[in-house]
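Residue numbers (the working numbering): 254 to 489. Worksheet for the structure shown next.
Written out as structure tokens, the structure is:
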């Protein structure tokens, strides 16, 4: 019973984790036969260590905001959804997880996200999905609370870490906004035209090989917290 309550500290992934993902990125290996032959490596060096990382992050993220849901369902499957894709390789060459406010992560909603592959670690936060209903709500929230939104995205530490908000944009204002563009803050116009609202930062892949990856994830969550919270409240 005690060993189920007390977890060993997360000390990082092993080099075999990056090697597995590098091998999987080779088209000759990205098939069910190869994956089946290397399933034990996947379980020991990818899947289980990620669960151990989630155990640690769950405790620490709860200290930031207990409303952020962190559990094993935060982990994305390594299997690719090939139903509507021209690329029929069955597996991703990366491993990832995400956390959202008040519910289990979903691709359609704002969340905190990280992934690693053989040559890169990436952290991102915000709204990547272009779900039309959520976009309408986010744009309305920005329009009605622009001073609050501007303060968040122009925060000195936020801008130093991520620069400008990333994402695809429309060339014209979306329907429903009647604005004299000559009398409005250009940043508001730019924000209303956006179809995605996210920021990201990349690191060398070997950052996952030690405890530092925990600090990196937590630091980024704190930096992007207010931004992601704003977007999350907008879609409710």
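Glycine included, each C-beta is placed from N, C-alpha and C at the ideal position. This structure is a prediction, so every number in the text was calculated from the model and none was measured.
Relative to the Cα of residue 368, the nearest Cα in the group 347, 395, 386 belongs to 347. For residue 471, same chain residues with a beta-carbon under 8 Å away, outside a window of 5 residues either side, are 310, 313, 314, 317 in chain order. Sequence-distant partners of residue 280 (beyond 5 residues in either direction) whose C-beta falls short of 8 Å from its own C-beta, in its chain, are 342. Secondary structure of residue 369 (DSSP, three-state): strand. Rounded to the nearest whole angstrom, the C-alpha separation of residue 420 and residue 450 is 6 Å. Going by DSSP, residue 414 is part of the alpha helix (DSSP H) stretching over 409-415. Here residue 441 has 399 as same chain residues with Cβ atoms under 6 Å from its own Cβ, once five neighbours each way along the sequence are excluded. Buried is the label assigned to residue 380, since at least 16 other Cβ atoms lie within 10 Å of its Cβ. In this structure, DSSP gives residue 448 a state outside helix and strand, which the three-state scheme calls coil. Nearest Cα to residue 275 within the set 489, 376, 397, 458: 458. The C-beta of residue 359 has fewer than 16 other C-beta atoms within 10 Å across all chains shown, which makes the residue exposed. Straight through space, the alpha carbons of residue 298 and residue 478 are spaced by roughly 30 Å. For the 8 Å CB-CB criterion, residue 480 and residue 396 do not form a contact. One thing to note: residue 329 has its Cβ within 8 Å of the Cβ of residue 350.
Counting along the chain, residue 347 sits inside no alpha helix (DSSP H); it lies in the beta strand (DSSP E) bounded by residues 347-354.
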